[in-house]
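K.L.:
Chains as they are written, first to last, in the numbering used here: chain D, 50 to 429; chain W, 50 to 429. Note that the Cβ used here is the ideal one computed from N, Cα and C, for glycine as well.
1. So is residue 421/W in contact with chain D if we call contact Cβ pairs under 8 angstroms?
2. According to DSSP, residue 355/W sits in a beta bridge with which residue or residues?
3. Taking 8 angstroms as the cut-off, decide whether the C-beta atoms of residue 195/W and residue 202/W are in contact.
4. I'd like to confirm something about residue 161/D: is its beta-carbon nearer than 7 angstroms to some heavy atom of the ligand GDP, or not?
5. Keeping to the same chain, check which residues put their C-beta closer than 7 angstroms to that of residue 359/W; ignore five residues upstream and five downstream.
6. CB-CB under 6 angstroms to residue 206/D, same chain, minus the five flanking residues each way: which ones, in chain order?
7. Under the three-state reduction of DSSP, which class applies to residue 108/D: helix, strand or coil?
8. Kindly indicate if chain B contains any beta-carbon less than 8 angstroms away from that of residue 181/W.
9. So, using beta-carbon positions, are residue 210/W and residue 294/W closer together than 8 angstroms?
10. The alpha helix (DSSP H) spanning residue 268/D covers which residue range?
11. Give me, in chain order, the residues of the same chain whose beta-carbon lies closer than 6 angstroms to that of residue 213/W; leave out the 5 immediate sequence neighbours on both sides.
12. Hey, how far is the Cα of residue 264/D from the Cα of residue 156/D?
13. So for residue 195/W, helix, strand or coil by DSSP?
14. Using a Cβ-Cβ cut-off of less than 9 angstroms, list which residues of the region 360-377 of chain W approach chain D; keep chain order.
15. So, do the region 290-307 of chain D and the region 61-75 of chain W have three or more beta carbon pairs nearer to each other than 8 angstroms?
16. Compile a chain-ordered list of the residues in the region 140-157 of chain W whose CB is closer than 8 angstroms to at least one CB of chain D.
17. For residue 346/W, go through chain D and note every residue whose CB falls closer than 8 angstroms to its CB, in chain order.
18. Where do the N-terminal and C-terminal ends of the beta strand (DSSP E) with residue 408/D fall, by residue?
19. Which residues in chain W have a C-beta closer than 8 angstroms to the C-beta of residue 126/D? List them in chain order.
20. What are the complete alpha helix (DSSP H) segments, minimum 4 residues, inside the region 286-310 of chain W?
21. When you compare only the Cα positions, how much space is there between residue 336/W and residue 412/D?
22. Would you report the Cα separation of residue 312/W and residue 248/D, rounded to the nearest angstrom?
23. Cβ of residue 159/D within 8 angstroms of Cβ of residue 121/D?
24. Which residues share a DSSP beta bridge with residue 86/W?
25. I'd like to know whether the C-beta atoms of residue 416/D and residue 333/D end up nearer to each other than 8 angstroms.
26. In the DSSP assignment, what residue or residues form a beta bridge with residue 156/D?
27. May I have the straight-line CA-CA distance separating residue 285/W from residue 270/W, to the nearest angstrom?
28. Just mark residue 424/W as buried or exposed, buried being the case when its beta carbon has 16 or more other beta carbons within 10 Å.
29. Mapping the DSSP letters down to three states, classify residue 171/D as helix, strand or coil.
30. Would you identify the three-state DSSP class for residue 98/W, choosing helix, strand or coil?
31. For residue 339/D, which residues from the same chain have a beta carbon less than 7 angstroms from its beta carbon, with the 5 sequence-adjacent residues on both sides left out?
32. Pop quiz: residue 126/W and residue 378/D are said to be a contact at Cβ under 8 angstroms. What is the actual Cβ separation, rounded to whole angstroms?
33. Would you list the residues sitting across from residue 420/D in a DSSP beta bridge?
34. So residue 337/D contacts chain W; which residues on that side make the cut at Cβ distance below 7 angstroms?
35. Buried or exposed: residue 383/W, going by 16 or more other Cβ atoms within 10 Å of its Cβ?
36. Name the chain W residues whose beta carbon is nearer than 7 angstroms to that of residue 214/D?
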């Protein structure tokens, strides 16, 4: 996929991944690019997150991004902080910018020192081009496929998103990294607030196993090279790209065989709708029922009940794969036919709470024996 | 197990359970018995919970308890409320008290009307005795064993606990019901507050799959028949009984092969210690690691990090099966030996946060292919 104007990217294999697959990704953007940054709230946040937060406090622009996969450089103490700074310096040297112009990200195993020397040796092999595909592959850990999405705005400005998701065959590689790149010229003042809105309704609505990583981040980068755009259309495009990436991450969750989509309408407000949707998508019981093609609406009801969203059990409606199964009480349905309909790659739940105008979506995946196997049968 | 003075109990099979096993349990206590009641916060709470809450608002004493298992009488609409009232009337008639003297509880499948007629036909078969064992068996759903615990106070007053846990081979039988019975004479004024303290540090610290049931309740009943006791010793005995039941419930979680115990000390306060312990015990990743005998401390660290408890990753200590594995950073340990030590029936994690004097415990179970199978392979 072609990068927006003003961006180049590339990748290399630095042997951090035992497989020898690409594990070093670099991205360069023309000077003066604006950024918006959100990262994990986990208290055990990795050095790259601590550094990124500090950088975001003092800089409104950024020029480069370096990601290594295979090692999260987390719980690595003072050495971890130094290694992360060194990673920024190496990337800055290669990109021809200052270390303070470069955001770092690491994803992979926790508690193992980052082998920076390997990155130093291999970084010269990176070739920056106008394509994002090499970058998209090099940030993966146990994901089974790259995650990309794009939109073009009237006038030609583009929004391109790339992410990695939630595979974890090696311990604790659950990190979500998401980057949305655009050449649109955007209003710096509203950048952070609008990005937070997008992230809250997309990436923060993905749940694979309820475990919040130490290294998560979602970053928006705007080069401005394609000039001004209509803000409404622009943010709609950013949201669409982020939403597609969120869906791709959920569908590629560990051991996942199906994507679960939950849409909630009629909530007291959007926040309650999102909480309700997320509770259903994160329920181990509902995830297991989806895996078994079991149209067991009781599990949806239970999850809605503890989500914190207000509703009246006597007015609630639940639709599963386009079939109404609950309206203020059990509705008779053909269980065999509905179970067959659940064998699709995407299982859709729609909930109407009848409390207000709040709407929200969430995405997850089924809970499979594969998930347990992947996470249990690894021995350190 | 013998009941405390002032109590009698019995059970019968009313054919609500297709297996024909006992599914109707009754308990009688002498007039004037004090009670303390806590129930689920789930918005889809069942009629028995709605009725119990209302009863607790207006009555400080109670004379009887009826539990049916196999049907939760939840999401059954107006009919469910009527059926629950009828259940109370039937029990009151049998026990020779008024319906308002009887607390009801139902546990089992959601969304199916309660077959009250079956209970009406079979209630006469109940025989009240001084033993609790029949009651303990009749409240089970897919639990694999009864859950009982007792303590005797100096002077002879007794505290006897009975509970059912979190099996769920049929949809949504995750309910926890716990009853602690005593013949001690207790102070009515402090009953509710002390019971809440006990429940918060015991039953509320159990997690099998993070799904909060619609029918949960924890009730303390005090007949007073054995006279006054030392309040300190009494509440310690109640806590010990509740804690033992909590451990039994966790160990008998769905598909569970191991009990996981997490103790947190050095938290800023007890609340943070409990949150931290509960986050670890509820982490799907750590539960799967325990199943695979993988001493993967990164997953403990990640869960502590998102628990909300304050700590410094550079001072934190983690001990697993008596082996120090993290002290402000990775500590070298014999992975093979520790993996072998994790093959025990109980896996113990101890965490020191070095923030204050807060302490807390939590109990859970490993995540197994069995859990997924049980919950996925059922077809409605």
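P.N.:
Let me spell this out:
1. yes
2. None, per the DSSP bridge assignment.
3. With a cutoff of 8 angstroms on beta-carbon distance, residue 195/W and residue 202/W are scored as not near each other.
4. What this structure holds is no ligand at all, so the ligand GDP is not there to describe.
5. 317, 321, 404
6. Around residue 206/D: 232, 233, 275, 278.
7. coil
8. This model lacks chain B altogether, as its protein chains are D and W.
9. yes
10. Run containing residue 268/D: none in the alpha helix (DSSP H); it sits in the beta strand (DSSP E), 266-271.
11. 188, 189, 192, 226
12. 7 angstroms
13. coil
14. 360, 361, 362, 363, 365, 375, 377
15. In short, these stretches do not touch, since the Cβ pair count stays below three.
16. From the region 140-157 of chain W, no residue has a Cβ closer than 8 angstroms to chain D.
17. Result: 160.
18. 407-414
19. 363, 377, 378
20. Restricting attention to alpha helix (DSSP H) runs no shorter than 4 residues, the region 286-310 of chain W encloses none.
21. 23 angstroms
22. So the two alpha carbons sit approximately 35 angstroms from each other.
23. With contacts defined by Cβ atoms closer than 8 angstroms, residue 159/D and residue 121/D form a contacting pair.
24. 268/W
25. Yes.
26. 118/D, 120/D
27. 16 angstroms
28. buried
29. helix
30. helix
31. 307, 309, 391, 396, 415
32. 4 angstroms
33. Answer by DSSP bridge pairing: none, since residue 420/D is not bridged.
34. 421, 424, 425
35. exposed
36. Identification of chain W residues near residue 214/D by a Cβ-Cβ cut-off of 7 angstroms yields none; the smallest Cβ-Cβ distance measures about 15 angstroms.
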